[in-house]
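Here's the structure we're looking at; comments come further down.
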Amino acid sequence: MAYSNLTRLTIVVVAAMSQGCMAQPGMTPVQSRAASDSAARLSRDQTPPIVTDFSALARDNAAGVVNVSTRGATPEARVTPLWPPTGNGNDPLASLFQQFSSEFGSAPGTSSQSLGTGFIINPDGYILTNSKVVSGATRIRVTLRDGREFKAELVGNDPASGIALLKIPATGLSTVVIGSTSDAKAGQWVASIGSPYGLNDTVTAGIISNIARTLPQESYIPLIQTDLTEGAGDAGSPVFNLAGDVVGIETPVNDVISNAEGLAFAIPIDEAMKVERQLQQFHKAQHGRLGIAIQDVSGPLAQSFGLAKPEGALVSSVDPGGPSAKSGLRPGDVILQINGVAINDSAQLPVAVADLMPGSTVRLTYWRGSTTHDTTVVLGRLNEATSQSAAFAQASAPDGLTVRGLTPDEQREIGARGGVRVEKSVGPAAFAGIEPGDVILMVNNARVSSPAQFRQKVETSGNAIALLVLRNGQRMFVTLDIG
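This is how it looks when you write it as structure tokens:
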């Protein structure tokens with residue numbers, strides 16, 4: 008039979024390829040099997056190439072990322088900025104760094120501005136960002152990629168987790184795709200789109216360094232550690248996997264850690280969305296609290312406690328007035344289960360507890376004296392335990408005021424009936440010039456004599472409120488704008 012040239016070439020190529028999978032002359036049976044196994048492994052598990060192009064990811068997701076700018080009162084004294092240095096007013100970088108006046112300080116009671124990033128999770132204008140971006144803000148504005156600007160409403164802010172939810176009056180918006188951190192692994196590529204120093208549409212790439220880095224002073228949630236470049240204005244930026252799904256939200260941490268090169272952190276999106284659902288429904292998030300301090304169980308500690316392996320959460324202290332005080336727990340106990348779910352690592356326990364509502368009764372199984380014990384605890388409220396979280400929560404209140412009633416002696420001293428004394432003034436109240444120690448006598452010409460009455464009057468008085476304030480024997484009206 009006659010073959011065409013193309014047919015002969017095909018036969019030769021197939022034969023050559025077949026030879027590559029067959030034992031070669033001179034190979035032993037062991038060498039032949041090894042070569043065959045190597046080829047099979049290569050075909051099953053091809054090593055992925057190094058990622059060098061993130062343009063498609065950026066193109067598909069940039070429209071869902073927004074710039075968040077906030078304005079609030081700055082009660083700190085003025086300080087001399089270390090950067091940028093004083094110089095030519097025509098310096099093109101001057102206007103860039105002036106946007107970050109809150110970083111460099113400003114006069115008491117003046118307005119300061121800061122920038123951050125957020126991303127659209129619902130086409131009807133819901134935006135997720137980091138709690139620190141909006142804490143203490145009196146004004147929040149969102150700028151879309153197409154240049155449109157909107158005044159944003161703070162739906163809810165949860166400093167304990169680091170999550171805040173905003174709403175803008177717009178529909179039909181481009182959104183990002185919410186992914187999951189369940190499949191994320193150390194060493195995987197990630198990318199972020201943010202606004203460092205106000206430079207919108209800044210794309211950075213890196214890898215996940217650790218999937219669950221515990222930083223108790225920052226969040227009850229173990230954070231994703233990356234080597235992404237992070238600067239002021241990047242807080243709230245979405246972190247994407249290579250499929251273009253959001254797996255985390257960039258969060259600033261304390262200066263000692265954040266100043267270390269190659270360290271950036273993100274809140275896992277799975278936990279963030281749990282908080283988002285609470286903020287959407289209730290405008291606040293509630294988290295359970297045990298009232299104990301815990302630490303990891305190392306190998307030597309496990310051995311000393313008689314545990315077969317390192318597991319659980321070791322109780323290092325118990326808050327005398329906390330929820331666990333009457334449960335029988337004491338330092339040295341190792342919590343192994345909560346409501347029947349095993350605690351294999353100490354980082355699991357804070358998340359499991361915080362996901363439950365205050366007032367819930369939990370069943371704990373713990374290890375003591377080489378045997379297991381059971382107890383129950385009625386959970387407290389997490390924010391009540393953390394002064395920093397409480398401060399953030401008050402800073403995000405609509406009017407920024409914390410007040411108390413006056414004692415009869417105080418009323419006689421100031422020569423007035425009723426009124427409430429200002430304990431704390433932040434946000435809009437500080438911006439209006441109200442100070443701790445002031446006595447508020449009237450709200451929109453209506454006298455107030457208790458904190459409850461004051462709160463009711465404020466909440467039903469619209470955005471611009473006239474307050475009659477008594478300070479050092481002098482009375483003055485102050486306009487409080489919470490629009």
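Terminal number for the sequence shown in the numbering used here: 490, no gaps in between. All residues carry an ideal CB built from backbone N, CA and C; glycine is no exception.
*Could you tell me if G255 is buried or exposed, where buried requires 16 or more neighbouring beta carbons within 10 angstroms of its beta carbon?*
buried
*What are the complete beta strand (DSSP E) segments, minimum 3 residues, inside the segment 174-217?*
Fully enclosed beta strand (DSSP E) runs of 3 or longer: 196-201.
_When you compare the CB positions of I228 and V358, do they come within less than 7 Å of one another, or not?_
yes
*Between the C-alpha atoms of F399 and G143, what's the straight-line distance to the nearest angstrom?*
Note that F399 scores a pLDDT of 30, beneath 50, so its modelled location is shaky; the value from the coordinates is reported in the next line. Answer to the nearest angstrom: the Cα atoms are 7 Å apart.
*From the DSSP output, in three-state form, read off L172 for me.*
strand
*In angstroms, rounded to a whole number, what distance separates the CA positions of L297 and L235?*
34 Å
*asked:* Beta-carbon within less than 7 Å of K316's beta-carbon, same chain only, minus the 5 sequence neighbours each way: which residues are those?
replied: A309
*Bridge partner(s) assigned by DSSP for A273*: DSSP lists I231 and E257 as the beta-bridge partner residues of A273.
*asked:* Distance check for G240 and P130, CA to CA, integer angstroms please.
replied: Straight-line measurement puts the Cα of G240 at about 23 Å from the Cα of P130.
*Spatial distance of T383 from G434 (CA atoms)*: 40 Å
_Would the segment 182-200 count as touching the segment 319-330 if we require 3 or more Cβ pairs under 8 Å?_
no
*Cβ-based neighbour list, T93, same chain, cut-off 8 Å, excluding 5 preceding and 5 following*: Below a pLDDT of 50, predicted positions are generally treated as unreliable, and T93, at 39, falls in that range; the measurement from the model is reported next regardless. So no residue of the chain qualifies.
_Reference P166, options T150, V183, L173 and N137, closest by Cα_ = N137
_Collapsed DSSP secondary structure at P245 in the structure displayed_ = strand
*Own chain residues within Cβ distance below 7 Å of L180, not counting five before or after*: I127, P130 and G132
*Count the other CB atoms within 10 Å of the CB of S168; is the residue buried (16 or more) or exposed (fewer)?*
buried
*asked:* Here's the rule I'm using: 16 or more other beta-carbon atoms within 10 Å means buried, otherwise exposed. How should T379 be labelled?
replied: An exposed status is given to T379, since fewer than 16 other beta-carbon atoms sit within 10 Å of its beta-carbon.
*Rounded C-alpha distance that separates S121 from E237*: 15 Å
_Buried or exposed for S305, going by 16 or more other Cβ atoms inside 10 Å?_
exposed
*Can you grab the Cα-Cα spacing for the pair V500 / P245, in whole Å?*
Shown here, the chain extends from 8 to 490; a query on residue 500 therefore has no answer.
*Assess, as a yes-or-no matter, whether the segment 154-165 is touched by the segment 208-225 under the definition of 3 or more beta carbon pairs within less than 8 Å.*
At 8 Å Cβ cutoff, the stretches do not touch.
*asked:* How far does the beta strand (DSSP E) with Q302 in it extend, from its first residue to its last?
replied: I299 to Q302
*Taking the C-alpha atoms as reference points, what is the distance between E417 and A70?*
57 Å
*Minimum C-alpha distance to K291 - residue among I301, M364, T233 and D277*: M364
*Assign S138 to one of three DSSP states: helix, strand, or coil.*
helix
*Excluding the five sequence neighbours on either side, which residues of its own chain have a C-beta within less than 8 Å of the C-beta of Q288, listed in chain order?*
none
*asked:* Can you tell me where the alpha helix (DSSP H) holding I421 begins and where it ends?
replied: Residues P415 to I421.
*Determine the contact status of V429 and V450, defining contact as a CB-CB distance below 7 Å.*
For the pair V429 and V450, the CB atoms are not nearer than the 7 Å cut-off.
*Mind checking which residues open and close the beta strand (DSSP E) that includes Q481?*
It spans Q481 to D488 - the beta strand (DSSP E) in which Q481 sits, taken as one unbroken run.
*Taking all protein chains shown into account, decide if I484 is buried (16 or more other Cβ within 10 angstroms of its Cβ) or exposed.*
For clarity, residue 484 is Phe in the given sequence; the question names Ile instead. Answer is exposed; the Cβ neighbour count stays below 16.
*Using the C-alpha atoms, what's the distance from Q355 back to G347?*
13 Å
*Within its chain, find whatever has a CB closer than 6 Å to the CB of S456; leave out the 5 residues flanking it on each side and keep chain order.*
Here the set comprises G425.
*Output yes or no for whether 7 Å exceeds the beta carbon distance between L64 and G251.*
yes
*asked:* DSSP has R375 in a bridge; who is on the other side?
replied: T378
*Where A398 falls: helix, strand or coil (DSSP)*: Any reading at A398 needs caution, since the residue's pLDDT is 29, under 50, leaving its predicted position unreliable; the model's value is listed next. In this structure, A398 counts as helix in the three-state DSSP scheme.
*State the DSSP-derived secondary structure class of N129, mapped to helix, strand or coil.*
Strand, per DSSP.
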